[in-house]
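Taking it in order: structure first as structure tokens, then the write-up.
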Amino acid sequence: MELDAEACYRAVQSRDTRFDGQFYTAVRTTGIYCRPSCPAITPKRQNVSFHPTTASAQAAGYRACRRCLPDAAPGSPLWNINSDLAVRAMRLIGDGVVERDGVDGLARALGYSSRQLNRVLLAELGASPLALARANRATTARLLIQRTELAMSDIAFAAGFSSIRQFNDTIAAVFATTPSKLRAELPRGASLTSAPMPGGVSLKLPLRQPHNVAWSIWLLEHHCARGVEDFSEGRYTRALRMPHGPVVVTLTVDVDQVRADLQLSDMRDLAPTVARLRHLLDLDADPAAVDDALLSHPALAPLVAEARGIRVPGTVDGSELLLRTMIGQQISVSAANTATAHLVAELGEEVADTTGRVTRLFPTPEAVAAAGAEVMAGPAARIAAIVGAADRLATGKLELHHGMNAADMRRQLLEIKGIGPWTADYVVMRQLADPDVLLEHDLVLRRGAAAEGIDLAAARACSPWRSYVSMHLWRKGITALPRPRIRAQKGIS
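Residue numbers (numbering that gives the first Met the number 0): 0 to 492.
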């Protein structure tokens with residue numbers, strides 16, 4: 000990945016927070032690396048180099064700045080804009096694949112040999128898969144050290160380290176200190192979380208401005224299925240299935256951050272859970288860059304100016320996304336929520352939740368394939384299609400993961416009976432955080448375009464940001480709809 004060194008240095012001089020997470024500044028005279036907005040004195044140009052990832056800076060021998068905490072910046076939006084091998088690898092590394100399956104497992108998921116993958120990542124990102132995973136572990140460890148009262152030995156294994164020695168060595172190499180001293184250096188305004196239960200962690204998820212809070216909240220609230228999700232008192236709670244056990248998360252969305260209160264069965268799931276939540280809310284996006292690009296299109300400029308900072312929803316689970324999308328085909332959102340809630344009540348596994356807001360996990364593909372036909376209502380053809388898709392997921396004939404190529408995923412989805420272009424495009428957009436999907440077949444989107452007098456040809460010209468165009472037109476289509484009179488139910492609207 001080529002970085003424009005002069006442009007990077009100008010960003011460092013400006014201390015513009017929009018560039019945080021997009022690259023890292025390594026200072027030769029101090030041996031540390033920083034985020035672009037670091038408040039320290041700007042180093043001389045000849046004393047700095049620039050890196051696309053924290054792992055690249057660490058591999059070059061630099062330590063993290065303990066003043067600006069570069070690992071706490073939002074992730075790079077480039078991981079969503081591009082679909083090349085390095086980008087897809089970063090998504091899977093963030094989801095903890097290396098810790099669970101090793102580098103060989105990561106390579107298999109991407110369809111490459113370990114040697115090919117290592118060569119590409121070194122060339123593109125300046126670091127090997129192991130170094131990138133190590134940087135993720137260091138970030139997770141710092142979060143647990145500075146946000147919980149967990150014992151250091153528990154933190155070491157929760158963060159994915161194989162030994163206490165490896166944990167101590169990594170903290171020393173990355174942060175130039177010991178774990179106990181790092182805990183003493185709490186960021187300003189932070190405090191240790193005394194968890195109400197084992198596995199309780201509270202985190203603040205950073206994001207870039209602008210942030211259209213109303214849109215993010217609307218998406219969470221109006222696609223909420225009782226049992227597995229709840230939206231009440233301004234907070235969104237849901238249960239999700241992670242590799243080492245269930246997790247219950249409560250999100251409070253604010254302008255400058257999202258607070259995440261987690262109940263984890265196993266601390267090893269912390270980093271992948273955070274990655275999935277960031278994906279769900281599109282928190283690594285660069286909305287200012289997206290808005291600026293779309294404002295240059297005259298037909299869309301008024302619509303974008305009306306709602307700056309809109310984000311594209313992701314997902315916490317690809318299988319759940321596909322099955323819920325199929326359930327919602329050709330019915331209203333509220334009807335889809337009701338049908339999903341019924342499926343969850345019948346086939347979802349019970350989950351413990353100290354908040355009392357959610358009761359079950361979304362059913363596994365195996366459960367839906369085995370008993371979905373008996374509990375779902377609606378047209379027989381749709382039920383058969385959902386059960387068929389669940390069977391493909393359960394048997395491994397269909398895989399939906401962040402490391403897939405968009406074209407391959409779309410092709411595989413369209414091979415399934417009952418899945419058309421709209422469903423395939425919608426799943427690709429959300430599962431892969433693909434920023435360039437125009438949902439042309441969406442009725443509400445078309446209604447929004449008509450309400451604004453926008454020809455879809457103008458929307459097609461907005462690559463690579465057509466997913467965001469879809470959201471703007473969708474928002475307008477929703478506001479143009481007559482408000483149905485339905486009885487309010489907790490978690491469903």
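Don't be surprised by glycine CBs; every beta carbon is placed ideally from N, CA and C.
Taken through DSSP and simplified to helix, strand or coil, E98 comes out as helix. Beta-bridge partners of E228 (DSSP): R225 and R237. Per DSSP, the unbroken beta strand (DSSP E) holding L261 starts and ends at Q256 to L263. Rounded to the nearest whole angstrom, the C-alpha separation of V315 and G159 is 21 Å. Under the DSSP definition of a beta bridge, S179 lacks any partner. E398 carries a coil assignment under DSSP once its states are collapsed to helix, strand and coil. Out of I31, A155, H222 and T41, the CA that lies nearest to the CA of A334 is found in H222.
A direct Cα-to-Cα measurement between L181 and A270 gives close to 19 Å. L438: not part of any beta strand (DSSP E); DSSP gives it neither H nor E.
Nearest to A340 by C-alpha distance, out of D103, R359, H210 and E184, is R359. If you ignore the 5 residues before and after I154, its C-beta comes within less than 7 Å of the C-beta of A140, L143 and I144, all in its own chain and listed in chain order. Excluding sequence positions up to five before and after D454, its CB lies within less than 8 Å of the CB of A298 and A448, all in the same chain and listed in chain order. Fewer than three beta-carbon pairs drawn from the region 346-359 and the region 312-328 are found closer than 8 Å, and the two stretches are therefore not classed as touching. I385 has its alpha-carbon roughly 16 Å from the corresponding atom of P420. D435 is classed as buried because its beta carbon has at least 16 other beta carbons within 10 Å across all chains shown. In the three-state DSSP reduction, F49 falls in the strand class (E or B). One Cα belongs to L124, the other to D3, and the distance between them is close to 14 Å.
Looking at the backbone, the Cα of A379 and that of V102 are separated by about 43 Å. According to the DSSP assignment, Y32 belongs to the beta strand (DSSP E) that extends over I31 to C33. No residue range can be given for P209, since it is assigned to no beta strand (DSSP E) and is classified by DSSP as neither H nor E. Approximately 6 Å separates the beta-carbon atoms of V96 and A108; this is inside 8 Å, confirming the contact. When C-beta atoms of the region 282-294 are compared with those of the region 404-416, fewer than three pairs fall below 8 Å, so the two segments do not count as touching.
Annotation note: the region 337-422 contains the following uninterrupted alpha helix (DSSP H) runs of length 4 or greater, listed N- to C-terminal: 364-374, 379-394 and 405-413. Rounded to whole angstroms, K475 and L279 show a C-alpha spacing of 22 Å.
Around the beta-carbon of V200, 16 or more other beta-carbon atoms lie within 10 Å, marking it buried. Annotation for K416: A384 and G387 place their beta carbon closer than 7 Å to its own, counting only its chain and skipping 5 residues before and after. For P271, the enclosing alpha helix (DSSP H) begins and ends at L269 to L280. Of all alpha-carbon atoms in E232, M266, R267 and S264, the one lying nearest the alpha-carbon of L250 is that of E232. Counting only runs of at least 4 residues, the region 449-474 fully encloses the following alpha helix (DSSP H) elements, listed from N- to C-terminal order: 455-459. The Cβ atoms of S469 and L444 sit closer than 7 Å to each other.
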